[in-house]
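S.K.: The structure's right below; bear with me while I get my questions together.
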Amino acid sequence: MPDKPKLVLARRMRSAPTFHEERLWKLLRNRRLERLKFRRQVPIGRYVIDFLCFRHRLIIEADGPFHDEDQDAVRDAWLKAQGFRVLRFPNATISNRPGDVIAAVLKAVEARLTTDYAAPKDFAGIDTGAPLPSAYLQPVPPDRG
0 MPDKPKLVLA
10 RRMRSAPTFH
20 EERLWKLLRN
30 RRLERLKFRR
40 QVPIGRYVID
50 FLCFRHRLII
60 EADGPFHDED
70 QDAVRDAWLK
80 AQGFRVLRFP
90 NATISNRPGD
100 VIAAVLKAVE
110 ARLTTDYAAP
120 KDFAGIDTGA
130 PLPSAYLQPV
140 PPDRG
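Written out as structure tokens, the structure reads:
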């Protein structure tokens, strides 16, 4: 289970999304996109993810002007090691080309469905199709700053 400060931060971020996060959420919420279930501002490890589809282990990030590419690379590498795929979209793309964003998300989901992606197994070894509990994720890399 995520630590309490991360849960508080995620709740605060959900209650005050950026303009572009809100715009993207309107496209993803309530299974509007091919019946895919997305959650927003989800704590994973020491990170809070903008949008997450657990079933396909797909993360979508809305990148504003203040993103640090080096920190994003470390974060994305850790998330990839946990079995997630990360899609990043600049705010301008979300605003000006939402159809491109949707097409990229659908392509990523299709890629997950057509690869040898193995769904997590429960303790009895039965394929549950459920995501791994956050307690089973690998350790987070040390904070660099």
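Under numbering that gives the first Met the number 0, think of the first position of the sequence shown as 0, with each following residue one higher. By construction, the Cβ of each residue, glycine as well, lies at the ideal position given by its N, Cα and C atoms.
(1) Tell me which same chain residues have a C-beta within less than 6 Å of the C-beta of V108, skipping the five on either side of it?
(2) Work out the CA separation of A61 and D99 for me, nearest whole Å.
(3) Which one or two residues does DSSP pair with V62 in a beta bridge?
(4) Quick one: grab the DSSP three-state call for Q40.
(5) For I48 versus R84, is the C-beta distance shorter than 8 Å?
(6) For L23, name the three-state secondary structure that DSSP assigns.
M.R.: Straight from the coordinates:
(1) Position 109 of the sequence shown, counted from the start, is the residue given in the question as residue 108. Answer for V108: H55, listed in chain order.
(2) Within the sequence shown, numbered from 1, the residue matching residue 99 stands at position 100. Within the sequence shown, numbered from 1, the residue matching residue 61 stands at position 62. Roughly 14 Å separates the two Cα atoms.
(3) Within the sequence shown, residue 62 is the residue found at index 63, counting from 1. Residue 62 is actually Asp in this sequence, not Val. P89.
(4) On the sequence shown, position 41 is the one that residue 40 refers to. The answer is strand: DSSP assigns Q40 an E or B state.
(5) Position 49 of the sequence shown, counting from 1, holds the residue named residue 48. Position 85 of the sequence shown, counting from 1, holds the residue named residue 84. Against a cut-off of 8 Å, the Cβ pair of R84 and I48 comes out as no contact.
(6) Locating residue 23 in the sequence shown gives position 24, where the first residue counts as 1. Note: L23 maps to helix in three-state DSSP.
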